[in-house]
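Asker:
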Amino acid sequence: GKILVTGANGYVATWIVRMLLGQGFTVRGTVRSEAKAVSLREEFTQDSDRLEIVVVEDMTKAGAFDEVVDGIDAIMHTASPLHYNAMEPSEIIVPAVLGTTRVLESALAHGNLVKRIVITSSCASVMQVQDTPRVFSESDWNDAALAEVEEKGVLATQQTKYRASKILAERAAWEFTKENKDNISWDLVVLNPPYVFGPPIGRTATLESLSESLRDWYRNIFQGGKTPEELPVVGQCWIDVRDLADAHILAMNKQEAGGERIVVYGGPFKWQDWVNAARGCGAAVPLGDKSYDPAKAAHYVLYDTSRAARLLDIKYRTIMECTRDTIEDFKGRG
Ligand code: NDP
Numbered sequence: 007g008k009i010l011v012t013g014a015n016g017y018v019a020t021w022i023v024r025m026l027l028g029q030g031f032t033v034r035g036t037v038r039s040e041a042k043a044v045s046l047r048e049e050f051t052q053d054s055d056r057l058e059i060v061v062v063e064d065m066t067k068a069g070a071f072d073e074v075v076d077g078i079d080a081i082m083h084t085a086s087p088l089h090y091n092a093m094e095p096s097e098i099i100v101p102a103v104l105g106t107t108r109v110l111e112s113a114l115a116h117g118n119l120v121k122r123i124v125i126t127s128s129c130a131s132v133m134q135v136q137d138t139p140r141v142f143s144e145s146d147w148n149d150a151a152l153a154e155v156e157e158k159g160v161l162a163t164q165q166t167k168y169r170a171s172k173i174l175a176e177r178a179a180w181e182f183t184k185e186n187k188d189n190i191s192w193d194l195v196v197l198n199p200p201y202v203f204g205p206p207i208g209r210t211a212t213l214e215s216l217s218e219s220l221r222d223w224y225r226n227i228f229q230g231g232k233t234p235e236e237l238p239v240v241g242q243c244w245i246d247v248r249d250l251a252d253a254h255i256l257a258m259n260k261q262e263a264g265g266e267r268i269v270v271y272g273g274p275f276k277w278q279d280w281v282n283a284a285r286g287c288g289a290a291v292p293l294g295d296k297s298y299d300p301a302k303a304a305h306y307v308l309y310d311t312s313r314a315a316r317l318l319d320i321k322y323r324t325i326m327e328c329t330r331d332t333i334e335d336f337k338g339r340g
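The opening residue of the sequence shown carries number 7 in full-length UniProt numbering; numbering runs sequentially from there.
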């Protein structure tokens with residue numbers, strides 16, 4: 007089969023590409039510029055006969071993916087802005103939503119072989135910030151973030167603007183698929199992962215070029231991005247980038263996953279857990295809070311993982327495995 011991966015140079019997408027190639031698929035990846043195409047081709051030279059990188063400069067343009075979907079059997083749409091520097095919420099919302107719609111429009115018009123579309127949404131579109139414990143599931147939507155963006159506009163937090171972009175993009179995908187259900191050859195699977203950590207692919211990766219999430223990870227563990235007081239109490243949920251890439255391929259292959267929204271996550275954490283894991287790997291990182299007891303950590307946002315377990319059956323890596331492999335990878339980069 008031939009698989010289209012949008013935003014193929016991204017942190018998550020490069021792992022998807024590597025795994026697809028490893029499993030014998032042919033991949034067409036989109037990037038935004040020729041320079042990015044060149045470095046991605048370099049990364050995968052040994053599989054160059056099964057990898058085609060094409061430039062889609064502006065994915066918000068009508069017909070942006072018309073040629074790109076030709077001959078494609080399944081689509082993984084990962085491209086979406088992930089940054090914390092939007093002034094107007096629309097700066098991040100419009101590309102997220104339009105990018106998603108353009109992929110689906112082109113698939114409808116020209117993707118007559120497409121059987122499945124997998125979209126990388128986020129737990130950002132599921133969870134709401136909590137101060138008491140709550141277990142979220144696929145039936146939850148983060149309407150609070152939308153309301154906040156509507157109310158505060160430019161003054162909404164960067165995280166809220168990003169969350170709104172993911173909610174609206176995901177909604178647009180479900181709506182488009184529903185409205186066109188009689189005319190499409192595919193079904194839709196949406197994956198909702200939390201914070202993604204783990205080793206990056208890309209020989210030239212510098213701290214600045216890392217995806218937002220991995221940069222947070224590095225800063226908070228190695229550079230004192232969180233104070234010793236914050237480390238044992240501030241946290242979130244996470245998934246290893248390789249498990250998320252796996253999840254995309256399972257979501258593409260498993261017949262029963264069609265039409266489903268699926269939360270995929272490895273578990274909750276406090277930043278001190280990562281500090282302890284890094285120290286356990288011998289890394290010289292600030293100690294943080296010595297008295298931290300993970301068994302007593304209070305996690306307020308949790309997820310019901312039964313759907314992912316039933317449909318995808320992912321084996322999740324642990325905080326220790328993720329930390330060890332990421333540190334090894336960073337060492338290799340010097
Ligand atoms: P990256 O920033 O590494 O990759 C994002 C990709 O999207 C890049 O290829 C980027 O291209 C592309 N992109 C960004 N903005 C635009 C735009 N306006 N037009 C076209 N392409 C664009 O992020 P991740 O790999 O971490 O994220 C991949 C997906 O996973 C995203 O949909 C993100 O929302 C989702 N996700 C990520 C999480 C995380 O913690 N990392 C958590 C949950 C979901 P370029 O390199 O040219 O900027």
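We put the CB at the ideal spot given by N, CA and C, even for glycine. Every value quoted in this text rests on a predicted model; they were computed, and no experiment measured them.
Would you grab the beta carbon distance between V33 and R140 for me? Rounded to a whole angstrom, and I think it's under 8 Å.
Answerer: For the purposes of this step, residue 33 is taken as residue 27 along the sequence shown, with counting starting at 1. For the purposes of this step, residue 140 is taken as residue 134 along the sequence shown, with counting starting at 1. Wrong, their Cβ atoms sit about 39 Å apart, outside the cutoff.
Asker: Less than 7 Å between the CB of N15 and some heavy atom of ligand 1, yes or no?
Answerer: Within the sequence shown, residue 15 is the residue found at index 9, counting from 1. Result yes, Cβ under 7 Å from ligand 1.
Asker: In its own chain, which residues sit with a C-beta less than 6 Å from the C-beta of residue 344, not counting the 5 before and 5 after it?
Answerer: Residue 344 is absent from the structure shown; the chain starts at 7 and stops at 340.
Asker: Taking the beta strand (DSSP E) that A80 falls in, what are its first and last residues?
Answerer: Here the question's residue 80 lines up with position 74 in the sequence shown. A80 -> beta strand (DSSP E) spans A80 to H83.
Asker: Please go through the same chain and pick out, in chain order, the residues whose beta-carbon is closer than 8 Å to the beta-carbon of M258, but skip the five residues on each side of it.
Answerer: Translated into positions along the sequence shown, residue 258 becomes position 252. Here the set comprises I9, A80, M82, R122, V124 and V195.
Asker: For R38, does the three-state DSSP call read helix, strand or coil?
Answerer: Taking the sequence shown and counting its residues from 1, one reaches residue 38 at position 32. Three-state DSSP puts R38 in coil, outside helix and strand.
Asker: Are there three or more Cβ pairs, one per stretch, closer than 8 Å when the stretch 286-304 is compared with the stretch 147-164?
Answerer: Here the stretch 286-304 does not lie against the stretch 147-164, with fewer than 3 beta-carbon pairs under 8 Å apart.
Asker: Return yes when the C-beta of R108 is under 7 Å from any heavy atom of ligand 1, and no when it is not.
Answerer: Taking the sequence shown and counting its residues from 1, one reaches residue 108 at position 102. No, the beta carbon of R108 sits no closer than 7 Å to any heavy atom of ligand 1.
Asker: Between the stretch 260-276 and the stretch 306-326, do at least 3 Cβ pairs fall closer than 8 Å?
Answerer: Here the stretch 260-276 makes contact with the stretch 306-326; the two share three or more CB pairs at distances below 8 Å.
Asker: Using alpha carbons as the reference points, say which of A41, I78, V23 and K42 lies closest to Q52.
Answerer: To locate residue 52, count along the sequence shown from 1; it is residue 46. Q52 has its Cα closest to that of V23, out of A41, I78, V23 and K42.
Asker: With DSSP as the reference, label V240 as helix, strand or coil.
Answerer: Stepping through the sequence shown from its first residue, residue 240 is reached at position 234. Note: V240 maps to coil in three-state DSSP.
Asker: Do you know offhand how far L27's Cα is from E235's?
Answerer: The sequence position of residue 27 within the sequence shown is 21, counting from 1. The sequence position of residue 235 within the sequence shown is 229, counting from 1. The straight-line gap from Cα to Cα measures roughly 44 Å.
Asker: Per DSSP, K8 is paired with what?
Answerer: Position 2 of the sequence shown, counted from the first residue, corresponds to residue 8. DSSP, once it has assigned bridges, lists T32 as partnering K8.
Asker: Please report the distance separating the alpha-carbon of E73 from that of H116.
Answerer: Indexing the sequence shown from 1 puts residue 73 at position 67. Indexing the sequence shown from 1 puts residue 116 at position 110. C-alpha separation (whole angstroms): 8 Å.
Asker: Under DSSP, the alpha helix (DSSP H) around D331 begins and ends at which residues?
Answerer: In the sequence shown, the residue the question calls residue 331 occupies position 325. Where D331 is concerned, the enclosing alpha helix (DSSP H) stretches over I325 to R339.
Asker: Just reading off the beta strand (DSSP E) that R122 is part of, what are its end residues?
Answerer: Here residue 122 is taken as the residue at index 116 of the sequence shown, counted from 1. Here the beta strand (DSSP E) through R122 covers R122 to T126.
Asker: Where do the N-terminal and C-terminal ends of the alpha helix (DSSP H) with L57 fall, by residue?
Answerer: Here residue 57 corresponds to residue number 51 of the sequence shown, with the count starting at 1. Run containing L57: none in the alpha helix (DSSP H); it sits in the beta strand (DSSP E), L57 to V61.
Asker: What would DSSP say about I245, mapped onto helix, strand or coil?
Answerer: To locate residue 245, count along the sequence shown from 1; it is residue 239. The answer is strand: DSSP assigns I245 an E or B state.
Asker: When the Cα of Q242 is compared with those of W277, A284 and Q165, which residue comes out closest?
Answerer: Within the sequence shown, the letter at position 236 stands for residue 242. The shortest Cα separation from Q242 among W277, A284 and Q165 belongs to W277.
Asker: Quick check on DSSP: helix, strand or coil for N91?
Answerer: For this step, residue 91 is matched to residue 85 along the sequence shown. In the structure shown, N91 sits in coil (DSSP, three-state: anything other than H, G, I, E or B).
Asker: With three or more C-beta pairs closer than 8 Å as the rule, is the stretch 167-179 touching the stretch 97-107?
Answerer: Yes: at least three Cβ pairs fall under 8 Å.
Asker: With a threshold of 7 Å, establish whether the CB of V74 neighbours any heavy atom of ligand 1.
Answerer: In the sequence shown, residue 74 corresponds to position 68, counting from 1. No, the Cβ of V74 stays beyond 7 Å of every heavy atom of ligand 1.
Asker: Is it right to say M93 is buried, meaning 16 or more other beta carbons lie within 10 angstroms of its own, or is it exposed?
Answerer: Here residue 93 corresponds to residue number 87 of the sequence shown, with the count starting at 1. Burial call: exposed.
Asker: What are the boundary residues of the alpha helix (DSSP H) that K275 is part of?
Answerer: The residue given as residue 275 occupies position 269 in the sequence shown. First, the residue type needs correcting, since residue 275 is Phe and not Lys in the sequence shown. Unbroken run through F275 is the beta strand (DSSP E), G273 to K276; no alpha helix (DSSP H).
Asker: With DSSP run on the structure shown, which of helix, strand or coil describes F142?
Answerer: Here residue 142 refers to the residue found at position 136 of the sequence shown. Of the three classes helix, strand and coil, the one that applies to F142 here is strand, per DSSP.
Asker: The beta strand (DSSP E) spanning F228 covers which residue range?
Answerer: What you label residue 228 is simply residue 222 of the sequence shown in a count that begins at 1. Bounds of any beta strand (DSSP E) do not take in F228; it lies within the alpha helix (DSSP H) bounded by E218 to F228.
Asker: I want to check one thing, is the minimum distance from the CB of T166 to the heavy atoms of ligand 1 below 7 Å?
Answerer: Residue mapping note: residue 166 aligns to position 160 of the sequence shown, counting from 1. False, no ligand heavy atom lies under 7 Å from that Cβ.
Asker: Which residues bound the beta strand (DSSP E) around L308?
Answerer: Within the sequence shown, the letter at position 302 stands for residue 308. Judged by DSSP secondary structure, L308 falls within the beta strand (DSSP E) whose first and last residues are V307 to Y309.
Asker: Could you please give me the residues that DSSP links to Y201 through a beta bridge?
Answerer: Here residue 201 refers to the residue found at position 195 of the sequence shown. In the DSSP output, where bridge partners are listed per residue, Y201 has W244.
Asker: Tell me the residue span of the alpha helix (DSSP H) that contains V269.
Answerer: Numbered from 1 along the sequence shown, position 263 holds the residue referred to as residue 269. Taken as a continuous stretch (DSSP letters only), V269 belongs to no alpha helix (DSSP H), being part of the beta strand (DSSP E) at R267 to V269.
Asker: Give the secondary structure of L293 by DSSP, where H, G and I count as helix, E and B as strand, and everything else as coil.
Answerer: Looking up residue 293 in the sequence shown gives position 287. L293: coil per DSSP, three-state reduction.
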